[in-house]
Amino acid sequence: MLGSSAVASPAHQDRKPQTGGFAPAPLDAVAFYKLRHYAAKSPLAQLGENHITRGEPKQLKDLLAGNDLSQLVLRAREAGELDARVRTLLPEELAAHVTGAVLHEHTVVILADSAAWATRIRFHAPELVARLAPRYDGVVTRVHVKVRPAR
2 MLGSSAVASP
12 AHQDRKPQTG
22 GFAPAPLDAV
32 AFYKLRHYAA
42 KSPLAQLGEN
52 HITRGEPKQL
62 KDLLAGNDLS
72 QLVLRAREAG
82 ELDARVRTLL
92 PEELAAHVTG
102 AVLHEHTVVI
112 LADSAAWATR
122 IRFHAPELVA
132 RLAPRYDGVV
142 TRVHVKVRPA
152 R
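Numbering (the numbering used here), first residue to last: 2 to 152.
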């Protein structure tokens, strides 16, 4: 233990405080210039300070009509329809414990809120395949039940 009369050795006086290795190195003049130069050429910088509000506001339906978002919306709608269809094919007691359903390749993946309910839903898998296959042009060949608790 160091007392009040202890003096730090000269070797300790030259040591810089440790930052844990995560502090960025200081920029020299050349690096600072390059950073400013490339930042000025970025697409956001060219739009100006108020790039979000420039131009006319767009309606949400127009934004969702774009290719990327429209595919996402379509897949979400299909998953919702499949989820509703699976719930209607199951007895009410079991349907209440389904947290979601999605078609992945040739398999309908059903999510249940507990392992006990997932086991009971698995007993209905052959019937679900038989009833879902005609609706999806024979694409559905199996049902897989996973446990995912409701949020």
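Even for Gly, the Cβ is constructed at its ideal location relative to N, Cα and C.
Residue j beta carbon less than 8 Å from that of residue i
{"i": "V140", "j": "H107", "result": "yes"}
{"i": "L129", "j": "V144", "result": "yes"}
Straight-line Cα distance separating residue j from residue i
{"i": "E82", "j": "L133", "result": "12 Å"}
{"i": "R123", "j": "L73", "result": "29 Å"}
{"i": "E93", "j": "Q60", "result": "39 Å"}
{"i": "V99", "j": "L112", "result": "6 Å"}
{"i": "L75", "j": "R121", "result": "31 Å"}
{"i": "A85", "j": "E57", "result": "38 Å"}
Nearest-angstrom Cβ-Cβ length linking residue i and residue j, presumed shorter than 8 Å
{"i": "A80", "j": "D114", "result": "With 8 Å as the limit, A80 and D114 do not qualify as a contact, their Cβ atoms being about 17 Å apart."}
{"i": "L91", "j": "H125", "result": "6 Å"}
{"i": "A116", "j": "V148", "result": "5 Å"}
{"i": "A102", "j": "V87", "result": "4 Å"}
Q) Counting only runs that start and end within the region 66-124, where is the beta strand (DSSP E) found for 3 or more residues in a row? A) For secondary structure counted as the beta strand (DSSP E) over 3 or more consecutive residues, the region 66-124 holds these complete runs in sequence order: 99-105, 108-113.
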